[in-house]
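Participant:
Protein chains in written order, with this note's numbering: chain A, 57 to 167; chain B, 20 to 136.
1. Do you know how far the Cα of residue 28 of chain B is from the Cα of residue 163 of chain A?
2. Using a Cβ-Cβ cutoff of less than 7 Å, which residues in the same chain neighbour residue 159 of chain A once the five nearest sequence positions on both sides are dropped?
3. Compute the Euclidean distance between the alpha carbons of residue 128 of chain B and residue 105 of chain A, then round it to the nearest angstrom.
4. Just by C-beta distance, which residues in the region 66-82 of chain A are closer than 8 Å to chain B?
5. Do you know how far the Cα of residue 135 of chain B is from the Cα of residue 103 of chain B?
6. Nearest chain A C-beta to residue 130 of chain B closer than 8 Å, yes or no?
7. Is the CB of residue 117 of chain B under 8 Å away from at least one CB in chain A?
8. With DSSP collapsed to three states, give me the class of residue 68 of chain A.
9. Which residues of the region 135-162 of chain A have a Cβ closer than 7 Å to any Cβ of chain B? Give them in chain order.
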């Protein structure tokens, strides 16, 4: 099955700086890559996703890039704010119905 | 919240007892999932369903069974709970998003916190 590795496991950034989280996947057939944000005690919520026919996607301060050749994808958060503090999960899917998740990155934004 | 509810939201039980968790959805989605979340492991798929009475195993299915007798309910049963099954359990559904996110995105329920003593 698909194996997704996520780095780093924790990330501390100064407010206003950028944060980058990287994930690698093992199955070259994977074609769908969502990112979820989970605040303490809450459910994971989708923040952005990308398909394998697209190299980059942006939504305001967040962006995701995909390198199919290297089998890795990254989440970029610019101008970080305290409300960006959360656990972020990447995931990969080789069909649209089953996701394999990374272990998560705890992001802390320092004021 | 995509119309997903989970019950109970919290449960404490003893080793060896059976436990059933319920996931309920109101919007007739075909695909439903059960995940467990543990520190350092992210979200791991236990079982999923692609229709009434159609289910399949995920990566951590040992010790768990599921049933789906109607579209709106997906039940997860721990036949004989063990301490290693202490976890937070999330149900999810898969739906086609009409704006923003891509199709067949998964959305999660609020979770059930289970403690097995």
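Yeah, the Cβ is synthetic: ideal placement off N, Cα and C, and Gly gets one too.
Facilitator: Quick answer:
1. 26 Å
2. 62 and 65
3. 19 Å
4. none
5. 8 Å
6. yes
7. Reliability fails at residue 117 of chain B, whose pLDDT of 46 lies under 50, so the model's placement of it is uncertain and the value that follows must be treated cautiously. Not one chain A Cβ lies under 8 Å of residue 117 of chain B.
8. strand
9. 145, 152, 153, 154, 155, 157, 158, 159 and 160
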